[in-house]
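Novice: The structure under discussion is supplied below as structure tokens; questions concerning it will follow.
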Amino acid sequence: MGTVKLDAVVWGATPEEAARSYPADDLVPPGLRLTRAIGVAAPPERTWRWLCQIAVAPYSYDLVDNLGRRSPQTLTPGADRLEVGQTMAVVFRLTSFEAGHQWTAVTSSRGERLFGRVAMTYAAEPDRAGSRLVARVAVGSAGPVAHALAWGDLVMMRRQLLNLKRLAERVP
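If you're matching positions, the sequence shown starts at 445 in this note's numbering and goes up one per residue.
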């Protein structure tokens, strides 16, 4: 009987997506790099628009990270008008973005107290079937705490990406 390898570092990403460099990688010291991705049967523009919704709500397990409030199931007008410095995903501060493609954020001072120095990039990449939603989480350390964070992030981000996929694939 074979063994099953459980990997909290990569979920859903192709080898190329996992090997690629992302803006988040440059914002924290070398440490743990987590890559999550999912195919979305929607054009990159629509997937991008849902990525911007992370400024409004986390879209993972609302009971855990949104105080029980349901993440909006429709697009919030103006959420795609990003500004450097704004809050993203509750404990991150937007550092850069390329409209229609990707945004990058780093932990706020509150987030850093909770999780350490972490940066993340979300991207909507074109794909034959529509788009790929790719997320890179760059953790500024690689010790036991970082590895525990990787498992928690896997659970939460998997749910987030599945929710964003479902919402982006709905016919507008």
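Positions of the beta carbon are idealized from the N, C-alpha and C atoms, including for glycine.
Suppose only complete runs of 4+ residues qualify. What are the alpha helix (DSSP H) ranges in the region 501-552, listed by chain order?
Specialist: Fully enclosed alpha helix (DSSP H) runs of 4 or longer: 506-509.
Novice: My output table needs one value for Thr458: the three-state DSSP class, helix, strand or coil.
Specialist: Coil.
Novice: Who are the Cβ neighbours of Val454 in its own chain at under 7 Å, not counting the five residues just before and after it?
Specialist: Counting only Cβ-Cβ distances below 7 Å, and skipping sequence neighbours, we find Ala462, Thr479.
Novice: How about Ala499 and Ala468: are their beta carbons less than 7 Å apart?
Specialist: Cβ distance not < 7 Å, so Ala499 and Ala468 don't count as in contact.
Novice: Just to confirm my understanding: we take Ala485, look at its own chain, exclude 5 residues before and 5 after, and list those with CB closer than 7 Å. What are they?
Specialist: Once the five neighbours on either side are set aside, the close Cβ partners of Ala485 are Ala573, Gly574, Glu613.
Novice: What residues in its chain sit with their C-beta under 7 Å from that of Ala590, if we drop five residues either side in the sequence?
Specialist: If we look at Ala590 and ignore the five residues flanking it on each side, its Cβ neighbours are Gly475, Leu476, Val583.
Novice: Nearest-angstrom Cα distance between Ala549 and Pro488?
Specialist: Straight-line Cα distance between these residues: approximately 20 Å.
Novice: So, using beta-carbon positions, are Arg580 and Glu569 closer together than 7 Å?
Specialist: Not in contact: Arg580 and Glu569 (Cβ atoms no closer than 7 Å).
Novice: May I ask you to report which of helix, strand or coil DSSP gives Val453?
Specialist: In this structure, Val453 counts as coil in the three-state DSSP scheme.
Novice: I'd like to know whether the C-beta atoms of Thr551 and Val562 end up nearer to each other than 7 Å.
Specialist: Result yes, Cβ atoms of Thr551 and Val562 sit closer than 7 Å.
Novice: Would you call Leu558 buried or exposed, if buried means 16 or more other Cβ atoms sit within 10 Å of its Cβ?
Specialist: Exposed, by the Cβ-count rule.
Novice: Where does Gly560 fall in DSSP's three states?
Specialist: Coil.
Novice: So, for Thr531: in the same chain, excluding its five sequence neighbours on each side, which residues have a beta-carbon less than 8 Å away from its beta-carbon?
Specialist: If we look at Thr531 and ignore the five residues flanking it on each side, its Cβ neighbours are Ala499, Arg537, Leu538, Ser552.
Novice: Using three-state DSSP, classify Pro570 as helix, strand or coil.
Specialist: The answer is strand: DSSP assigns Pro570 an E or B state.
Novice: Taking C-beta to C-beta, are Ala594 and Val578 nearer than 7 Å?
Specialist: Against a cut-off of 7 Å, the Cβ pair of Val578 and Ala594 comes out as no contact.
Novice: For Leu393, which of helix, strand or coil comes out of DSSP?
Specialist: Nothing can be reported for residue 393: it is not among the residues displayed for the chain, which extend from 445 to 616.
Novice: Roughly how many whole angstroms lie between the Cα atoms of Arg464 and Trp547?
Specialist: Taking the straight line joining both Cα atoms gives about 16 Å.
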